[in-house]
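Under the numbering used here, residue 226 is the last one in the sequence shown; the count climbs by one each step, no gaps. Structure first, then comments.
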Amino acid sequence: MNSLGEVTIDLTAPSVADLAAPQPFTAAAVSATVRFDEPMADGASARLEPNAGGLSVERTAADTFVVRGELGGVVADGAYDLVLTDALDVAGNSAGDVALGRVVVDTRAPDVVEVVGDDTTPQRPGLAPRFAIVFDEPVLDVTARADVPGVGSVALATVPVGAAGAEVVVSIPETAVDGELDVVVSARDAAGNRRSDVAALTSTKPPSPSKTSPGT
């Protein structure tokens, strides 16, 4: 009797062996890599839930898929779940829907919504005022500069305040004269969107102590 050769029966669904999840915040693109515990067939797809496409899936190795998407201008800003679908092993067993991670699509730069003078610290001679600049979302890498008459462009001290990360205190330099200063404030959000806004701040120094004439 002649042997017809070995037959491999595979009824086990593939499972994820390793996952490089997407960054949680993205301005315009997303990428994730998923490796299974066995060789996979071509034909997997991916989606963003709820109801968003714009993704491509490439099998880069026998057991590995890479999901990519250029989302800027295609997917509306918001929170989505990235899901790999239609992933089959070479025997046709399905891995089902594979959750790859949460993605927050954010293509909008932060805005300055309020500039508040700091009246909590009594002014002392030589001490310039401070201002709290409030953004509409948490910000990072905040810088501020002002053109001070007679001095030129001056970097201003910025100190984040509050747990939300959306407020920054800016200190006007002591070299500033009384009057309005245009302060350029630059900040980025967690997705990397950066914006520079001009805030008009009024610098007012405390009056010098009055001198009393002798004999009065």
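All C-beta atoms, glycine included, are put in the ideal place defined by N, C-alpha and C.
Residue i to residue j span [Cα, whole Å]
i: V113; j: P60; result: 11 Å
i: A167; j: G63; result: 44 Å
i: D116; j: D91; result: 14 Å
i: V149; j: G88; result: 18 Å
i: V93; j: G160; result: 59 Å
i: D107; j: T43; result: 15 Å
i: S41; j: G79; result: 7 Å
i: T153; j: S206; result: 9 Å
i: V26; j: R45; result: 6 Å
i: G202; j: A37; result: 7 Å
i: A71; j: L98; result: 14 Å
i: R118; j: L58; result: 19 Å
i: R204; j: G162; result: 24 Å
Residue i: first and last residue of the uninterrupted beta strand (DSSP E) it sits in
i: G79; result: T74 to E80
i: S181; result: E177 to S181
i: E124; result: V122 to G127
i: S163; result: G162 to A165
i: G83; result: G83 -> no beta strand (DSSP E), and no H or E assigned at all.
i: R140; result: R140 to F145
i: D157; result: L150 to V158
i: G111; result: V108 to V115
Short Cβ contact (8 Å threshold) for residue i with residue j
i: V193; j: A142; result: no
i: P32; j: L110; result: yes
i: P49; j: D73; result: yes
i: R69; j: D47; result: no
i: V85; j: V77; result: no
i: L65; j: A54; result: no
i: L81; j: A30; result: no
Other residues of its chain near residue i: CB distance less than 6 Å, five sequence neighbours each side excluded
i: V208; result: D192 and V194
i: N103; result: A23
i: F75; result: V44, A54, V67 and R69
i: V126; result: A142
Residues of its chain near residue i, where Cβ-Cβ distance is below 8 Å and the 5 sequence neighbours each way are ignored
i: P132; result: With a pLDDT of 48 at P132, under the threshold of 50, the modelled position of this residue cannot be trusted; read the value that follows with caution. There are no such residues.
i: F145; result: P120, D121, V122, V123, A176, E177, V178 and A197
i: D96; result: G53, A54, S55 and S104
C-beta neighbour in chain B for residue i, strict 8 Å
i: L150; result: The question asks about chain B, but that chain is absent: this structure has only one protein chain.
Own chain, CB closer than 7 Å to residue i, minus 5 neighbours either side, in chain order
i: A101; result: D20
i: D151; result: A197 and R198
i: D28; result: R45
i: E147; result: P120, A176 and D199
i: F35; result: V114, D116, A200 and A201
Hey, which unbroken runs of the alpha helix (DSSP H) at 4 residues or more fall wholly within the region 28-80?
none
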